[in-house]
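This report refers to the structure that appears directly beneath it.
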Amino acid sequence: MKRLLDSLKKIVGADAIITAASELMVYECDGFTIDKNRPDVVVFPTTTEQVSKIVEACNYFEVPFLPRGAGTSLAGGCLPVGGGVVISLARMKKIFDVDYRNRCALIEAGVVNLWLTNHLKPQGYHFAPDPSSQGACTIGGNVATNSGGPHTLKYGVTVNHIMGIELVLPDGEVIHTGGPLEDNPGYDLTGVIVGSEGTFGVAVKSWVRITRNPDTYRTMLGVFNSVDDATNTISEIIGAGIVPAALEMLDQMILGALEDAFHFGFPLDAGAILIMEVDGLEAGINTEAERITEIALKHGAREVRKADTEAKRTLLWKARKQAFGAVGRLAPSFCTQDGVVPRSKLPHILREIQRIGLKYDLKICNVFHAGDGNIHPILLFDERFPDQVTRVLAASGEILDECIRVGGSVTGEHGIGVEKINFMSKLFTPDDLAMMIRLRNAFNPTNNCSPHKMLPTAGACIEASKAGRMAAM
Amino acid sequence: MSFSDSLNPLDGFQHKHPSDVLEACEIIKQSAANLDAIVPSGSGSKMNIGYAPSRKGVVLGTKNLNKVIDYPARDMTVTVQAGILIKDLKELLGKENQRLPIDDPYPANSSLGGLLATNTSGPRRFGWGTLRDYVIGISILNDEGVETKAGGRVVKNVAGYDFCKLHTGALGTLGVISQVTLKVRPNPEASAFLLLTLNLANVESVLDRIHNTKTRPVAVELLNKTALQHPLFKHLAVTSDYGIFIGFEHSTEAVKWQTETLANELADVPNSKLEIINTPSDSALWQALGEFQAARISGCPLTFKANIPSSKVATFAAFALDTIPGVLLQAHAGSGIVFGHIPEGISRQVAFNSIDMLLQKAVRYQGNLVLPYCLPEWKADFPVWGQTRPDVKVMRKVKESLDPKALFNPGRFVDRI
């Protein structure tokens, strides 16, 4: 390790390396805090060339490595299983070139999602994927996990907005896939690198598509007495052929925490609320908003409020996007799940979540991307009590199993990471997984880059020893 | 043995049309054992794309794999077998007032699998995206004759690698697409075009203005005079250098506002004529604009497709006209895609030199130029897949990893993968 450290110092300088145990603690996990493992070293390159040399050095000394953005991911994608080198891209934060005429931009991986949108704002553009963590998460992390967010219902997820990638392959070679233009001949490597959770190499730069801001919004708050009424309304809106910009559900428990934190004026006696937003041109938008309002009222909304000023809309979205921060008011620990169901199964899965909560004597609150069928049940507990941890793990597993049973998935936007690695064999057959391993081997034949991620065979000894814990959280 | 591109590329192939997936898998297993090439084919409408296969084998037709597996219309997804014809898929979705907003030149004769393998798109790509934005689940018959899947049936899903993207546009070189799950969209309430006919001198500035319009077009199609004389468009009686069709699909109110607003924005273009054409989204004009890029022009030896920056479309079109007088041009101008049909009578050498000049121009713009159609006897020398990109090294590794025996469409795709 000392020889590797000497090499790394030569590449990036001593001030771009962390080795002290106290400082490494920050890098022992991401937003998935159940499993932790300290890396041996964290290195902060500032150029692609440095990343390439770091990767070569790691390979030479046979030390595993993995990239890391802001560490906001929620499935252990940044967890350095088995130690090794964390390549932090936090210092690679340049926005090189924004081409408004051709609607694309070249940026480095460490650029924070919201910085990019703020950068584009004066010209009337934004970067469409808007994960709730957008104030902190990086574009590189968005690329790794194929992040979503509330507005992906209309605008698509990260992969729909990534046109090309500069990738340092696991052997240190630098390649460019795609680019600023569409329809490059050959395989869509960009499309398959996005969402590969760092297992295909280190994505250091991206060509991203930039999107014109809508002229106007209509943001409404549907207030429902029951979760059932709210989920039925979601199903009816989508079924009516309306594609809102966002359709988010919050239940009573989370509303209480949010009201304490943001003082928005949420109706605390409501069983659930729906944030329903349409956007686009001024022409026709009132008709669309009225159609949604009618559907909500017809399906049990006791009222539909309008967030009719920019200040109200901003506060509403701030409350929604920081909902997870407010959960600390409800319990000392929480576990967020990321299941997906066909949209018409939302009423069913929400009832199941309630049933599972009662079965395991756990409080579960819900705040999620309802329009996409992407649920985020938040299981509340206190990690100081092992029995509670056990029950949370069991309940989480049961919720995700039910998502699979009704034709859904165990992750809509957080990724598999290490957290859901054991669910892969429930979603996919051994033959399906074998093809994924073959694809990974095309990029990463030694599996020295981001080992033990996504695919269950990646590090059988490690996962097997902790299968129960990792499977559910 | 190696095939000559001057022969019918599929002469000597066995043609098999399995009745189900199991039978298709058996054919693959047999072919793999014999190291025979496997050429996946839907309806066969796009078989002229790419080089001839580098060895003989089996054409595996998927026309009987055309079942609708699941259509939960309220979830706005549909799962079908890949051999389904686009027209049948349209009809199915139309019953629920939904659609897949991807243009196919010949919906009556093309299959979904073929559409996907060739990543076909058309005018609507500017507003509605391309197939990579709609495929959420895929099943593939792999090199071992096993059906494997990736993705799923829900609209948001990041479990596992995204093979949907990898197979879209892979020309069937990584396996046979057997089943697909798509996101679908509601049909728009209304649709219309603004047709602006104008002189060459003003095309660039007008395209810039359309880029900055207050409206939100879903298609911006630029056609030159020669193209507009084709039977598909002749009834429009355009006599100017160019015609720009700006398409809108939205609510009735929004379409009306947009056509009127854009007409006002463009009212001062010199020597131009504006016409609003209210026409449904399944009209002959939409179909013609989707079809023309793949139209077989009598005597046309090749069709090129360039991908360049949207801002360079007017310059590139003018350069193409200078280089190849009489070329029939259509650009999906908002997306930077330019198609050109080379007119009858051009010699092989002149065509070769001209295509090389256009290719170099596109490459200078960080783009490329490929030949979706080319006389088979010309293919050996012509840059059918444009200039090879450096990332082809990784593409080769992907191919070798997923199809180590090079069974699927050997030699047909980029760099003769």
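So the sequence lines, in the order shown, correspond to chains A and B. Using the working numbering, the first residue of the first sequence is number 2, and each one after it goes up by one. Using the working numbering, the first residue of the second sequence is number 472, and each one after it goes up by one. We treat Cβ as the ideally placed atom computed from N, Cα and C, and that holds for glycine.
- Between the alpha carbons of N613 of chain B and D874 of chain B lies a distance of about 8 Å.
- Ranked by Cα distance from I176 of chain A, the options A:S236, A:T159, A:V203, A:Y156 are led by A:V203.
- Per DSSP, M250 of chain A lies in no alpha helix (DSSP H) segment; the continuous beta strand (DSSP E) that holds it begins and ends at 247-252.
- Ranked by how close their Cα comes to the Cα of C79 of chain A, the residues A:M425, A:Q323, A:H415 have A:H415 in first place.
- For L873 of chain B, the residues of chain A that pass the 8 Å Cβ criterion are M436, R439, L440, A443, in the order they occur in the chain.
- For G72 of chain A, the closest of A:V56, A:M26, A:A273 by C-alpha to C-alpha distance is A:M26.
- Interface with chain A (8 Å Cβ-Cβ cutoff): L637 of chain B is included.
- Contact of T146 of chain A with chain B by beta-carbon distance below 7 Å involves V629.
- The continuous alpha helix (DSSP H) containing W757 of chain B extends over residues 755-762.
- For the pair E692 of chain B and Q801 of chain B, the CB atoms are nearer than the 8 Å cut-off.
- By the rule that beta-carbons nearer than 8 Å mark a contact, T232 of chain A does not touch chain B.
- Less than 8 Å separates the beta-carbon of D216 of chain A from that of G281 of chain A.
- By the rule that beta-carbons nearer than 8 Å mark a contact, E692 of chain B does not touch chain A.
- In this structure, DSSP gives A58 of chain A a helical state, which the three-state scheme calls helix.
- Among the CB atoms of chain B, none fall inside 8 Å of the CB of T48 of chain A.
- Using a Cβ distance threshold of 8 Å, G149 of chain A and H370 of chain A count as a contacting pair.
- Residue burial annotation: R385 of chain A is exposed, with fewer than 16 other C-beta atoms found within 10 angstroms of its C-beta.
- Under the Cβ distance rule, D31 of chain A does not count among the residues neighbouring chain B, no pair being separated by less than 8 Å.
- For the options B:P780, B:L773, B:W599, the alpha carbon positioned closest to that of P847 of chain B is the one of B:L773.
- The C-beta of M425 of chain A comes closer than 8 Å to at least one C-beta of chain B.
- Exclusion of the five residues before and after E291 of chain A leaves no residue of its chain whose Cβ lies closer than 7 Å to its Cβ.
- A straight-line Cα-Cα distance of about 57 Å links M254 of chain A and L840 of chain B.
- Residue environment: H377 of chain A is assigned as buried (16 or more neighbouring CB atoms within 10 Å of its CB, all protein chains considered).
- Those residues of the segment 153-183 of chain A placed with their C-beta closer than 9 Å to a C-beta in chain B are T153, L154, G157, V158, V160, N161, L168, L170, E174, I176, H177, T178, G179, G180, P181, L182, E183, ordered along the chain.
- CA-to-CA, the gap between V160 of chain A and A708 of chain B works out to about 42 Å.
- For K94 of chain A, same chain residues with a beta-carbon under 7 Å away, outside a window of 5 residues either side, are E109, G111, V112 in chain order.
- Each residue's CA atom was taken as its position, placing S581 of chain B and S514 of chain B some 5 Å apart.
- Per the coordinates, the alpha-carbon of A91 of chain A lies some 26 Å from the alpha-carbon of D862 of chain B.
- DSSP places P68 of chain A in the strand class (E or B) of the three-state scheme.
- Of all alpha-carbon atoms in B:N505, B:A504, B:P511, B:L506, the one lying nearest the alpha-carbon of P489 of chain B is that of B:P511.
- Shown in chain order are the members of the segment 332-357 of chain A whose Cβ falls below 7 Å from a Cβ of chain B: V341, V342, P343, R344, S345.
- Annotation: the continuous alpha helix (DSSP H) that includes C635 of chain B extends over 634-638.
- Every unbroken stretch of the alpha helix (DSSP H) spanning 4 or more residues and falling wholly within the segment 198-251 of chain A is given here in chain order: 228-240.
- Here T191 of chain A is not bridged, per DSSP, to any residue.
- For the segment 233-253 of chain A, the set of positions with a beta-carbon nearer than 9 Å to some beta-carbon of chain B reads S236, E237, I239, G240, A241, G242, I243, V244 in chain order.
- For M547 of chain B, the chain A residues whose C-beta falls within less than 9 Å of its own C-beta are I239, G240, G242, V244, R344, listed in chain order.
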